[in-house]
Amino acid sequence: MVAQVVDRFEDEIVLGRWAVGSRIPTEPMLAEMVGVGRNTVREAVQVLAYSGMLERRQGSGTYVLSSRRCLPVTTTGLGVVPPEDVQELKRLLVSSACMAVAVRGDAEDLESIRKRHIEWAASAETAYSDPDADDLLSRTIIVSARNQAAEKLFDALPYIPDRQLWNTNGDIERAFRGMLKALFSGDRIGVALEGASLSVRIATPGPHPADRPWFR
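In structure tokens form, the structure reads like this:
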């Protein structure tokens with residue numbers, strides 16, 4: 038299904054209905070246009086962003102970057118990767134990005150992360166937390182690290198709504214919160230220490246007993 042949506046969106050670009058430099062419709066509009074769920078739309082957009090045809094701009098939307106693919110588009114390889122491996126890689130990318138933000142991030146970057154953190158924290162307090170808030174916080178940290186390779190890799194990884202990265206009620210969530218607390222206080226050493234601790238917990242085999250999915 039994702040591959041079909043990718044082809045449909047690519048046709049919109051190649052045929053000029055979505056001109057280079059223009060902003061594409063929002064996720065809800067795209068979902069209605071092609072008759073699929075928002076998760077499928079998001080994965081398709083991520084694939085085209087990875088290919089160089091689309092560009093996601095924080096707080097602005099998604100824009101057409103090129104009418105040609107810069108990298109080969111493939112969903113098959115990512116689709117067969119175990120979801121727990123995708124989850125682990127995303128966590129490691131965000132952890133490393135957070136340490137990069139501590140070194141080269143500016144006040145605007147920190148404010149963007151803080152805003153998403155507030156939304157995520159509010160969602161985490163509810164019985165059914167919002168996976169979008171978890172994903173948006175993660176991507177904001179990635180973007181703020183200013184590493185295009187990390188950003189494209191993160192966008193190319195499948196969106197898995199039932200496997201949140203940080204809202205786990207377990208050791209990983211506590212370590213993640215500690216890392217962000219150090220980041221917001223300007224404690225670079227603290228970010229490095231908390232980030233190292235988080236990486237160890239991420240790499241620990243098997244699910245943590247206290248971890249839980251976002252739904253029951």
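According to my numbering, the stretch in the sequence shown is residues 38 to 253, in order. Virtual Cβ for every residue (Gly too), placed ideally from N, Cα, C.
query                                                                                                                                 : result
Use the C-beta contact count for ILE226: other C-beta atoms within 10 angstroms, 16 or more gives buried, fewer gives exposed.        : exposed
Do ILE50 and VAL101 have their beta-carbon atoms positioned less than 8 Å apart in this structure?                                    : yes
Report yes or no: do three or more beta-carbon pairs, one from the region 77-93 and one from the region 123-132, lie closer than 8 Å? : no
If LEU257 and SER236 are in contact, beta carbons under 8 Å, what's the gap, nearest whole angstrom?                                  : Given a span of 38 to 253 for the chain in the structure shown, any question on residue 257 remains unanswerable.
Output the distance between the C-alpha atoms of ASP241 and MET90, rounded to the nearest integer angstrom.                           : Just to set this straight, residue 241 is Thr in the shown sequence, not Asp. Roughly 37 Å separates the two Cα atoms.
How is the alpha helix (DSSP H) around GLU92 delimited, first residue to last?                                                        : Looking at the DSSP string, GLU92 is not in any alpha helix (DSSP H); the run it does join, the beta strand (DSSP E), is 91-94.
What number of angstroms, rounded off, separates the C-alpha of GLU46 from the C-alpha of ASP208?                                     : Looking at the sequence provided, one finds Phe at residue 46 rather than Glu. Computed Cα separation, rounded: 40 Å.
Taking 8 Å as the threshold (C-beta atoms), are ARG211 and THR177 in contact?                                                         : no
Anyone know if the C-beta pair for SER181 and SER149 falls short of 8 Å?                                                              : yes
Let's see if you can read the secondary structure: which residues bound the alpha helix (DSSP H) around GLY227?                       : 225-240
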